[in-house]
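Accompanying notes for the structure given below.
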Amino acid sequence: RGIHGAALSDGERLLLVAEDVGRHNAVDKVKGEALLQGIPTEDLILLSTGRISSEMLLKAARMGVPLVASRTSPTEMAVGLAEQLDITVCGYVRPGSLDLYCGHALHAEAVPPA
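If you read the sequence shown in the numbering used here, its first letter stands for residue -12, the second for the next number, and so on.
Here it is, written out as C-alpha cells:
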C-alpha cells in the first residue's frame, strides 16, 4: 500500500513501468515516458495496480489502448465508458485468472500474468 504502479505491455512483456503515490499519476508517467521514448501506445495494454476510473479510461482512449487491466475492480462509470469507447476492461488480474467486465475475450487473453 501507499504506492501505485502502471505499465504498458505488448502482451508478451512489460515495455514501460512507472510508480507514484497516485494511480492517475502513475498512468501519466508511463504515458509520458512512452512519448519521450517514441513508443507508439496504440494496440498496447495499459496495466494498473489501482482501481480503474472513468478518467483512466479516457487517458487510455487518448493513447489508443484497446485493453485496460488492473489487480482490482473498475468503477461502474468506467465500465459504461469503456463500452462506449470499445475498450476491454479486466479486473482482479491474477496468475491464471481475471474478471472480464466489458469488451472482447480475445483481448483479455493477451493480459500478461500478474
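Idealized CB from N, CA, C, for every residue including glycine.
When burial is assigned at 16 or more other CB atoms within 10 Å of the CB, is residue i buried or exposed?
i      : result
Val102 : The structure shown does not extend to residue 102, since the chain is modelled only from -12 to 101, so the question has no answer here.
Ser35  : buried
Met64  : exposed
Leu33  : buried
Gly37  : buried
Give the range of the beta strand (DSSP E) segment to which residue i is assigned.
i     : result
Gly78 : 75 to 81
So for residue i, helix, strand or coil by DSSP?
i       : result
Gly(-8) : strand
Val8    : coil
Val55   : strand
Asp86   : strand
Ser40   : coil
Would you say residue i and residue j are within 8 Å of each other, going by their C-beta atoms?
i       : j     : result
Tyr88   : Pro53 : no
Ala3    : Val17 : For the record, residue 3 in the displayed sequence is Leu; it is not Ala. In this structure, Val17 lies closer than 8 Å to Leu3 by Cβ.
Ser(-4) : Leu45 : no
Can you tell me where the alpha helix (DSSP H) with residue i in it begins and where it stops?
i      : result
Leu31  : Element bounds for Leu31: n/a, residue is neither H nor E.
Gly145 : Only positions -12 to 101 of the chain appear in this structure, which leaves residue 145 out of reach.
Closer than 7 Å: is that where the CB of residue i sits relative to any heavy atom of the ligand NAP?
i     : result
His11 : As presented, the structure is devoid of all ligands, the ligand NAP included, so that no description of it is given.
In chain order, what residues of the same chain lie with their CB nearer than 7 Å to the CB of residue i, ignoring the 5 residues before and after it?
i      : result
Glu111 : Absent from the structure is residue 111, since the part of the chain shown begins at -12 and ends at 101.
Spatial neighbours of residue i within its chain, please: C-beta separation below 8 Å, excluding the five flanking residues on both sides.
i     : result
Ala48 : Leu72, Ile74
Please go through the same chain and pick out, in chain order, the residues whose beta-carbon is closer than 6 Å to the beta-carbon of residue i, but skip the five residues on each side of it.
i       : result
Ala(-7) : Ala5, Ala13, Val14, Val17, Ser35
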